[in-house]
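Trainee: Submitted below is the structure of interest, expressed as structure tokens.
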Amino acid sequence: MDIPKTYDPKQAEQHHYARWEQQGYFAPEINQDPNAPAFSIVIPPPNVTGSLHMGHALQHTMMDVLTRYKRMCGYRTLWLPGMDHAGISTQLMVSRELKKEGLTRHDLGREKFVERVWKWKHESGGWITKQMRREGASVDWSRERFTMAESLSRVVREVFVRLYDDGLIYRGKRIVNWCPNDQTVLSDLEVQKDPQQGKLYYLQYPAKNSTARITVATTRPETMLGDTAVAVNPNDGRYRDLAGATLLLPLTGREIPVIADEFVDPEFGTGAVKVTPAHDPNDYDMGVRHDLPRIVVIDQHAKMTEDAGADFAGLDRYKARAKVVETFEELGLLEKVVDYEFSISKCERCKTVIEPLISTQWFCRMDQLRDLALELMARDKKPQFVPEVPYEKVYTNWLENLRDWTISRQLWWGHQIPAWYTKDGDVIVARSEAEARKKAGTDELTQDPDVLDTWFSSALWPFSTLGWPDETNDLKTFYPTSVLVTGRDIIFLWVSRMVMMGMKFPGREPFADVFITGTILDKHGQRMSKTKMNGVDPLEVFDKYGVDATRIMLASVGSTDVRWNEKQVESYRNFANKIWNAARFCLMNSEGASVDPAALKAGVSELALHDRWIISRLHKTARDVRNALAGYQFHEAVQTLYHFFWDDFCDWYIELTKADVIGEEPTLQRKAARSRLLTVLEQALRLLHPFMPYITEELWQRLPGADASLLHQAYKGAAPTIMLTDYPECATELIDERAEWEMQTVIDLISRVRNIRSEMNIKPGERVPVLVGAADERLRAVFAGNTDQIARIVRASEVSVSNQLSAPRASARAVLAGGAELAVPLEGLIDFDQERERLRREQDKLNAEASRLDAQLANPQFVKRAPAEKVNELRERLVDIAQRTAALAQTLEALQ
RNA sequence: GCCCGCUUAGCUCAGUGGUAGAGCACUCGCUUCACACGCGAGGGGUCAGUAGUUCGAAUCUACUAGCGGGCACCA
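The first sequence lines up with residues 158 to 1053 when you count with the working numbering.
As structure tokens, this is what we get:
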């Protein structure tokens, strides 16, 4: 058997994925157990334009860990992949391509343009699905979905019609967020508020029939051309006389009223507000309250309209601003301009300043839907957010303050709104044009040109992908899904909307739990972003350290934000190499042996201490990892596995079992020991598999005896693979506290001897005698039973155990738990002063602890109020310290 | 303005009422027959500060400071 000394991730990553996929291991149909419980996750569909970034890698790792784990537990498991059509992004990407050919989408026309987008999608879209294969993601590609596919588009239309029939979707003319660059309306969630250094302009409006003037403060002077009132607070004494007065709006000559409205804050600015109902959301509301006219002075391209007056028509909004200010100054009506910091609304995608415009759009009423989600939380505490703090509150607070959702978009790529207009302007909402014609009784219909917000189809994802509204087997089996794994940035955009739509349509929550992952920041603590160019490409990390090392590092991140630290990946790369070499050792000593799970179950009590110990540790590890995963405590699961594999298995078990497995003679004992070793390794590989699928499969395939008999019974008949074996389970009867205690005393003894060797500068090759004295019979038996092991590991010439230590004066000494003592005779090598000093240091430590314990036990309040168990624990500890200090004192005396 | 989180070893982070943990970095010693991506032994922290609750606080409460996030906003 020729196994390289260093693990080569690329080699292992080459073949397994294709095999897993081809064998159908990722599909739930692989599970032959008709009574298997179901586990399902739908992937947050990445944009069809996207490529893999660290956030994906993080989320996919968590999802894959859960999916592989549940699959190994025998669940009928589905992780459903797919992509989002990403309306604006995709349209822009294809438009940019066209631009290179000197064309715009309008040159092609809608139909040709959409064809072009599909062509782009087939040729270059979905790059991310190839990258996901590299990640090892065990998604069921046979169920891959795309939001623009006909099957999902059908669901979109169905939902739209039902919501419309229920009065939850309506068409209306309202003030909306308009992006002058993308030429579409946006929902409130797609608008970001950026702080901005700007100016506050104080403009004076003269009264009509007096010399009085009223001063208003504004950040947007150009909108004054559309003012239709000035508002003051009804309780503001300064303006009592002017309420109801008429003002002459400068530059236009229009007459506008002074109105009283509670909205106005007398403390801010001058306490008088210009009201522009057509260009400001708050003014719009005021306009509704006071029935003010709306004069549109800015158009969809952010240019001034005819209604802005001949001097301004056609001007860009910022040029108009300058001109308005200039004119006010000439007229002596510009009171002052002050620096002012405020926040400005920008298009999240292109960063263009949003123009609030009045526009006819489609809206989704959220009150009823919101209540469905809030009731679900109040009644069933679903979905269960992990971590619960702060996300549950963030989610419910947002729902409580929810406003209607603008769902139409002025784009071509997306689900065209299933609404048709007759010549007379009647609106027909239907599932298809044919149905619309039937409803309308005419063929002369025009479909609404707008498409739906991309997030509309995303909101339906958990059930649209499973076949709703049909009662498909997938829907019955996998809905509600088990858990949603995602980042906190789309809790509102996506998570909440899925809950509302899930409750409204299938009538059940779309997922039981929501696990919110942390965020990987750059090394300076900044968010990774394309514009900052500070992103770390997961593919490059895969190339450098291997997929498995990257995955287990990402899994260990869990739900907190962490700074990217390549050293961490490197340490898990080293871990992978450790696994590789541990397996290498096992395989080099595997002749005649094979993996045999029964070897770790039957007759365990007859085995040597280190065997009973590792079996106990294995079962505790299985228990702890399962518990950690049940609570989505990924970090803890990783730490448990790392510690078990490296410390328990490699550092101790392999060392202790060497004597058993290395012998030249092919004895039955050697064969049994080798099989045990292989089996412990095999169990450890299974535990690690969800985190590190490639290396575990690569090694598992090489283990003698790793065959179909090891598969979980739900997967009988499948070709052998570690991914379909049983996930190790904790058998309580195999947890052996006694063995763990005994092993710990042996480990402590070995550590003390090593410490002496190191501190006394004993040459590594030099064999020294080790003398152990233990009055306690049980301790003595443990040491006596393991003298060969101890001698081999600490390179002792002999290990002798007696009930009382008698060692030459020139010895290095140490005391152990239970008052046991050990000595390493060092005739001619020992520096007595140094040795006394070493022992005194130890004594000081013990004394310090003893006095702390004494003080605590002397406190009657403690003894009275602390749990008895705790008090006993302290007393026992104190007894142990007393034994040790007594032994130390004797030792020191002997050295005088 | 409202809400929330974080502050633990030089660095990146776990721990969440009962004797401070990991990885990396650091020091010393090792070509010990799986692994130098390794082995062994060490050093290093009044757990941001203050005040409380408690027999006992890194852990709970309040406040303070610094950093970060979300939501809503004032024209």
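Think of the CB as a built atom: it goes at the ideal place given N, C-alpha and C, for glycine as much as any other residue.
Which residue wins for smallest C-alpha separation from Leu775, given the options Phe662, Ser713 and Glu894?
Mentor: Your numbering for residue 775 matches position 618 in the first sequence. Among Phe662, Ser713 and Glu894, the Cα nearest to that of Leu775 belongs to Glu894.
Trainee: Residues in the same chain with beta-carbon distance under 7 Å from Ile879, minus the five sequence neighbours each way, listed in chain order, please.
Mentor: Within the first sequence, numbered from 1, the residue matching residue 879 stands at position 722. For Ile879, where only same-chain residues beyond five positions count, the Cβ hits under 7 Å are Leu842, Arg843, His846, Thr853, Glu854 and Trp857.
Trainee: I need the DSSP call for Ser208, collapsed to helix, strand or coil.
Mentor: By 1-based counting over the first sequence, the position of residue 208 is 51. For Ser208, the three-state secondary structure derived from DSSP is coil.
Trainee: Tell me the DSSP secondary structure of Cys230 in three-state form.
Mentor: If you number the first sequence from 1, residue 230 lands on position 73. In this structure, Cys230 counts as coil in the three-state DSSP scheme.
Trainee: Tell me, to the nearest whole angstrom, how far the beta carbon of Val956 is from that of Val929; I am working on the premise that it is less than 8 Å.
Mentor: Residue numbering aside, residue 956 sits at position 799 when the first sequence is read from its first letter. Residue numbering aside, residue 929 sits at position 772 when the first sequence is read from its first letter. For Val956 against Val929, the beta-carbon gap comes to about 7 Å, under 8 Å, which counts as contact.
Trainee: I'd like the list of long-range same chain contacts for Val312, defined as Cβ closer than 6 Å, with 5 residues on each side in sequence excluded.
Mentor: Against the first sequence, residue 312 aligns to sequence position 155. Leu617 and Ser621, listed in sequence order.
Trainee: Which residues bound the beta strand (DSSP E) around Glu498?
Mentor: In the first sequence, residue 498 corresponds to position 341, counting from 1. Segment Leu491 to Cys504, the beta strand (DSSP E) holding Glu498.
Trainee: Just to confirm before moving on: does the CB-CB distance between Ile416 and Thr385 stay below 7 Å?
Mentor: As a position in the first sequence, residue 416 is number 259, starting the count at 1. As a position in the first sequence, residue 385 is number 228, starting the count at 1. Going by C-beta atoms, Ile416 is not nearer than 7 Å to Thr385.
Trainee: From what residue to what residue does the alpha helix (DSSP H) around Ala1007 run?
Mentor: The residue labelled residue 1007 in the question sits at position 850 within the first sequence. Note, Ala1007: alpha helix (DSSP H), Phe989 to Ala1015.
Trainee: Take Ile1038 and list the residues in its own chain whose beta-carbon comes closer than 8 Å to its own, dropping the five residues that flank it on each side.
Mentor: Translated into positions along the first sequence, residue 1038 becomes position 881. Only Leu1003, Glu1006, Ala1007 and Leu1010 meet the Cβ criterion.
Trainee: Return helix, strand or coil for Thr579, following the three-state DSSP convention.
Mentor: Mapped onto the first sequence, residue 579 falls at position 422. Three-state DSSP puts Thr579 in coil, outside helix and strand.
Trainee: Is the beta carbon of Ser908 sitting closer than 7 Å to the one on Leu835?
Mentor: Looking up residue 908 in the first sequence gives position 751. Looking up residue 835 in the first sequence gives position 678. Their beta carbons are not under 7 Å apart, which means Ser908 does not touch Leu835 by this criterion.
Trainee: Should Leu623 go down as buried or exposed, given a rule of 16 or more other Cβ atoms within 10 Å for buried?
Mentor: Numbered from its first residue, the first sequence carries residue 623 at position 466. The residue is buried, with at least 16 neighbouring Cβ atoms inside 10 Å.
Trainee: Going straight from the alpha carbon of Ile811 to that of Arg952, what length do you get?
Mentor: On the first sequence, residue 811 is found 654 positions in, with the first residue counted as 1. On the first sequence, residue 952 is found 795 positions in, with the first residue counted as 1. Those two C-alpha atoms are separated by around 16 Å.
Trainee: Hey, Phe270 and Leu360: beta-carbon distance below 7 Å or not?
Mentor: Here residue 270 refers to the residue found at position 113 of the first sequence. Here residue 360 refers to the residue found at position 203 of the first sequence. No, they are not a contact pair.
Trainee: Taking the beta carbon of Leu825 as the centre, do at least 16 other beta carbons fall within 10 Å, making it buried, or is it exposed?
Mentor: Along the first sequence, one-based indexing puts residue 825 at 668. With fewer than 16 Cβ atoms within 10 Å of its Cβ, Leu825 is classed as exposed.
Trainee: To the nearest angstrom, how far is it from the Cα of Glu999 to the Cα of Tyr872?
Mentor: For this step, residue 999 is matched to residue 842 along the first sequence. For this step, residue 872 is matched to residue 715 along the first sequence. Approximately 57 Å, taken between the alpha carbons.
Trainee: For the stretch 551-563 against the stretch 342-354, do three or more pairs of beta-carbon atoms, one drawn from each stretch, fall closer than 8 Å, so that the two count as touching?
Mentor: yes
Trainee: Are the CB atoms of Ala971 and Ile987 within a distance shorter than 7 Å?
Mentor: In the first sequence, counting from the first residue as 1, residue 987 sits at position 830. In the first sequence, counting from the first residue as 1, residue 971 sits at position 814. No, the Cβ-Cβ distance between Ile987 and Ala971 is not below 7 Å.
Trainee: Can you tell me where the beta strand (DSSP E) with Asn334 in it begins and where it stops?
Mentor: By one-based count along the first sequence, residue 334 stands at place 177. Per DSSP, Asn334 belongs to the beta strand (DSSP E) from Ile326 to Cys336.
Trainee: What three-state label does DSSP hand Ser344 in the structure shown?
Mentor: The residue labelled residue 344 in the question sits at position 187 within the first sequence. Reduced to three states, the DSSP call for Ser344 is coil.
Trainee: Let's test the definition: count the other Cβ atoms within 10 Å of the Cβ of Cys521 and tell me whether it reaches 16, buried, or not, exposed.
Mentor: Translated into positions along the first sequence, residue 521 becomes position 364. Cys521 comes out buried.
Trainee: Measuring CB to CB, does Gly426 end up less than 7 Å from Ala369?
Mentor: Here residue 426 refers to the residue found at position 269 of the first sequence. Here residue 369 refers to the residue found at position 212 of the first sequence. Contact flag unset, no.
Trainee: When DSSP labels each residue in this structure, what does Val543 get in the three-state scheme?
Mentor: Along the first sequence, one-based indexing puts residue 543 at 386. Val543: strand per DSSP, three-state reduction.
Trainee: Given Glu315, which residues of its chain have a CB within under 7 Å of its CB, disregarding the five upstream and five downstream residues?
Mentor: On the first sequence, position 158 is the one that residue 315 refers to. Excluding residues within five positions, the ones whose Cβ falls inside 7 Å are Arg588 and Pro626.
Trainee: According to the neighbour-count rule (16 or more other Cβ atoms, all chains shown, within 10 Å of its Cβ), is Lys539 buried or exposed?
Mentor: Within the first sequence, numbered from 1, the residue matching residue 539 stands at position 382. With 16 or more Cβ atoms within 10 Å of its Cβ, Lys539 is classed as buried.
Trainee: Return the first residue and the last residue of the alpha helix (DSSP H) that Lys1055 is part of.
Mentor: Shown here, the chain extends from 158 to 1053; a query on residue 1055 therefore has no answer.
Trainee: Let me confirm a value: Lys777 is counted as buried when at least 16 other C-beta atoms fall within 10 Å, else exposed. Which label applies?
Mentor: Your numbering for residue 777 matches position 620 in the first sequence. Burial call: buried.
Trainee: Decide yes or no for the touch test of the stretch 638-654 against the stretch 279-294: beta carbon pairs closer than 8 Å, at least 3 of them.
Mentor: no
Trainee: Whole angstroms is fine: what's the gap from Trp335's alpha carbon to Lys503's?
Mentor: Residue mapping note: residue 335 aligns to position 178 of the first sequence, counting from 1. Residue mapping note: residue 503 aligns to position 346 of the first sequence, counting from 1. For Trp335 and Lys503, the distance between alpha carbons rounds to 10 Å.
Trainee: State the Cα-Cα distance for the pair Gly664 and Pro637, rounded to the nearest angstrom.
Mentor: Stepping through the first sequence from its first residue, residue 664 is reached at position 507. Stepping through the first sequence from its first residue, residue 637 is reached at position 480. Cα-Cα distance, rounded: 10 Å.
Trainee: According to DSSP, is Cys521 helix, strand or coil?
Mentor: One-based indexing of the first sequence puts residue 521 at position 364. Note: Cys521 maps to strand in three-state DSSP.
Trainee: Taking the C-alpha atoms as reference points, what is the distance between Gly428 and Asp393?
Mentor: Counting from 1 along the first sequence, the entry for residue 428 is found at position 271. Counting from 1 along the first sequence, the entry for residue 393 is found at position 236. Looking at the two C-alpha atoms, the distance is approximately 8 Å.
Trainee: May I have the straight-line CA-CA distance separating Gly293 from Tyr851, to the nearest angstrom?
Mentor: Residue numbering aside, residue 293 sits at position 136 when the first sequence is read from its first letter. Residue numbering aside, residue 851 sits at position 694 when the first sequence is read from its first letter. About 8 Å.
Trainee: How should Phe989 be labelled, buried or exposed, when 16 other C-beta atoms within 10 angstroms of its C-beta is the threshold for buried?
Mentor: For the purposes of this step, residue 989 is identified with residue 832 of the first sequence, where counting begins at 1. Counting Cβ neighbours within 10 Å, Phe989 comes out exposed, since fewer than 16 surround it.
Trainee: For Ala875 versus Leu881, is the C-beta spacing smaller than 7 Å?
Mentor: Here the question's residue 875 lines up with position 718 in the first sequence. Here the question's residue 881 lines up with position 724 in the first sequence. A contact, by the Cβ cut-off of 7 Å.
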